[in-house]
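*Asks:*
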Amino acid sequence: MVAMVALVAGCATPTGEVVLLPAPDGHRSVLAVTQGDREVVLDKPYAAAQTTTQGPRAIESGPKDVEAKFGGALAAQPARPQTFTLYFVEGRNELTDESKRVFESVFPDIAKHPVPDIVVIGHTDSVGTDAYNDKLSLQRADAVRDALIQRGIRAGDIVAEGRGKRDPLVATGEGVSEARNRRVEVIVR
Amino acid sequence: MRRWKLALSVLMFAAGSVQAADIGQIKVSSGSVTINRGGQALQGSLGVRVQQGDVVKTGANGSVGITMSDNSLLSAGPNSVLALDQYAFDTTTNQGRFDASLAKGTLAVVSGRLAKQSPGAMTVRTPSAILGVRGTEFVVSANVGPAAH
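Chains A and B, in that order, are what the protein sequence lines are. Position one of the first sequence corresponds to residue -17 (our numbering), numbered consecutively onward. Position one of the second sequence corresponds to residue -14 (our numbering), numbered consecutively onward.
#1: For the segment 66 to 97 of chain A, which residues have a CB atom closer than 7 Å to at least one CB atom of chain B, in sequence order?
#2: Could you compute how far the alpha carbon of D128/A sits from the alpha carbon of G18/A?
#3: Of all Cβ atoms in chain B, is any one closer than 8 Å to the Cβ of L130/A?
#4: Would you mind sorting A153/A into buried or exposed? The rule is 16 or more other CB atoms within 10 Å of its CB.
#5: Give the secondary structure of Q80/B by DSSP, where H, G and I count as helix, E and B as strand, and everything else as coil.
#6: Is the Cβ of H105/A closer than 8 Å to any Cβ of chain B?
#7: Please state whether the Cβ-Cβ distance between G(-2)/A and A114/B is less than 8 Å.
#8: In this structure, does DSSP put N46/B in helix, strand or coil?
#9: Answer with yes or no whether the minimum CB distance from V35/B to chain A is below 8 Å.
#10: Give every residue of the same chain whose Cβ lies closer than 6 Å to the Cβ of K12/B, excluding the five residues on either side of it in the sequence, and list them in chain order.
#11: Near A5/A, which residues of its chain fall below 7 Å by C-beta distance, leaving aside the five closest residues on each side in sequence?
#12: What residues in its chain sit with their C-beta under 6 Å from that of L118/A, if we drop five residues either side in the sequence?
#13: In terms of residues, what are the limits of the alpha helix (DSSP H) holding E76/A?
#14: Which residues in chain B sit within 7 Å of V0/A, going by Cβ to Cβ distance?
#15: Of all the residues that make up the segment 52 to 63 of chain A, which are near chain B by a beta-carbon distance shorter than 8 Å?
#16: Figure out for me which residue from V118/B, V95/B, G90/B, L92/B has the closest Cα to the Cα of S103/B.
#17: Quick check: A93/B and V129/B, are their CB atoms within less than 8 Å of each other?
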């Protein structure tokens, strides 16, 4: 019996490892590691699982262990996307004074990236239908994209997107005019 | 069933050949990095755009970092093989699907807009396990050796 247990344990050859990392923004992370009908759920920083030929099992890990095993992959991690949020003067296609300053700060950030690509995302408030706001949000994004191109950013490096009213900064009911939700995000990555 | 599958794959092939959409970009590249795209080997150098189906390989001295269009960050250490198996991303609704797989080596992942919108929209596979990503940063390794039973 003892021999059999040893034999079974000996068969569980490690095939890999998974470690959940702390999110810098403090968001809660969850990762499910599944092998066949067996699952280990990782739900706190440095929770770890070893995958084996007989299914996953929870193991201990920590920053030093992660650096030793995954340092190469982590060192190659691209810079986190940076978000700049721009607001418009009510009813006009013109940035507020504060947002004009934010717009200017985008350029030194772009210059820091060896191969920048920029996503411009338009948002609206909740007044109107999805179809209307999808179009309006894309128009706002296109306007900012044009402004970036005029300042010398390559057109091929900028994508404009419209999220309509799906992603409000401030939650409101339907049909609410809210200046803080009429915005354009410039994401540099 | 088989005929349907065939029709589907022909359709997908046709769509792929007409419009091979860029789904991400190589932001960090050092040492030997190659991309296998439909049987062709390309240099995985800085700034190269990646596409669905690409298999990214790093050599013994290589590493690579990719930013996907949904803001996911994938980076692989030395001696790794990373496949971008399936990718669909609706930039208006944030809905879609991202399936990647690590055949061997090491991979660090920061999930993006897809996983944030729909838990379950992103998976990372190794030869032995499936990782369901629900808004997460993690690292994963896959050993070279016996496959899972």
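Yeah, the Cβ is synthetic: ideal placement off N, Cα and C, and Gly gets one too. Quantities reported herein were computed from a predicted structural model and do not represent experimental measurements.
*Replies:* According to the data block:
#1: P96, V97
#2: The sequence position of residue 128/A within the first sequence is 146, counting from 1. The sequence position of residue 18/A within the first sequence is 36, counting from 1. Near 51 Å, if we compare the C-alpha coordinates of G18/A and D128/A.
#3: As a first step, residue 130/A must be located in the first sequence, where it is residue number 148. Cβ-Cβ to chain B under 8 Å: no for L130/A.
#4: Locating residue 153/A in the first sequence gives position 171, where the first residue counts as 1. With fewer than 16 other Cβ atoms within 10 Å, it is exposed.
#5: Stepping through the second sequence from its first residue, residue 80/B is reached at position 95. Taken through DSSP and simplified to helix, strand or coil, Q80/B comes out as coil.
#6: Working through the first sequence from its first residue, we reach residue 105/A at position 123. Not one chain B Cβ lies under 8 Å of H105/A.
#7: The count along the first sequence starts at 1 and reaches residue -2/A at position 16. The count along the second sequence starts at 1 and reaches residue 114/B at position 129. Yes, they are a contact pair.
#8: If you number the second sequence from 1, residue 46/B lands on position 61. In the structure shown, N46/B sits in coil (DSSP, three-state: anything other than H, G, I, E or B).
#9: Here residue 35/B refers to the residue found at position 50 when the second sequence is read from its first residue. V35/B does not count as touching chain A.
#10: Counting from 1 along the second sequence, the entry for residue 12/B is found at position 27. Closer than 6 Å at the Cβ level, and outside the excluded window around K12/B, lie G50, T52.
#11: Taking the first sequence and counting its residues from 1, one reaches residue 5/A at position 23. Excluding the 5 residues flanking it on each side, A5/A has same chain C-beta neighbours closer than 7 Å at S11, in chain order.
#12: Counting from 1 along the first sequence, the entry for residue 118/A is found at position 136. Correct list, in chain order: T106.
#13: In the first sequence, the residue the question calls residue 76/A occupies position 94. From DSSP, E76/A is part of no alpha helix (DSSP H); its letter is neither H nor E.
#14: Your numbering for residue 0/A matches position 18 in the first sequence. Against V0/A, the close residues of chain B are L116, F123, V125, in the order they occur along the chain (beta-carbon pairs closer than 7 Å).
#15: F52, G53, G54, A55, L56, A57, A58, Q59, P60, A61, R62, P63
#16: Here residue 103/B corresponds to residue number 118 of the second sequence, with the count starting at 1. Among V118/B, V95/B, G90/B, L92/B, the Cα nearest to that of S103/B belongs to V118/B.
#17: Sequence index remark: in the second sequence, residue 93/B carries index 108 (1-based). Sequence index remark: in the second sequence, residue 129/B carries index 144 (1-based). No; because the gap between Cβ atoms is not below 8 Å, this pair is not in contact.
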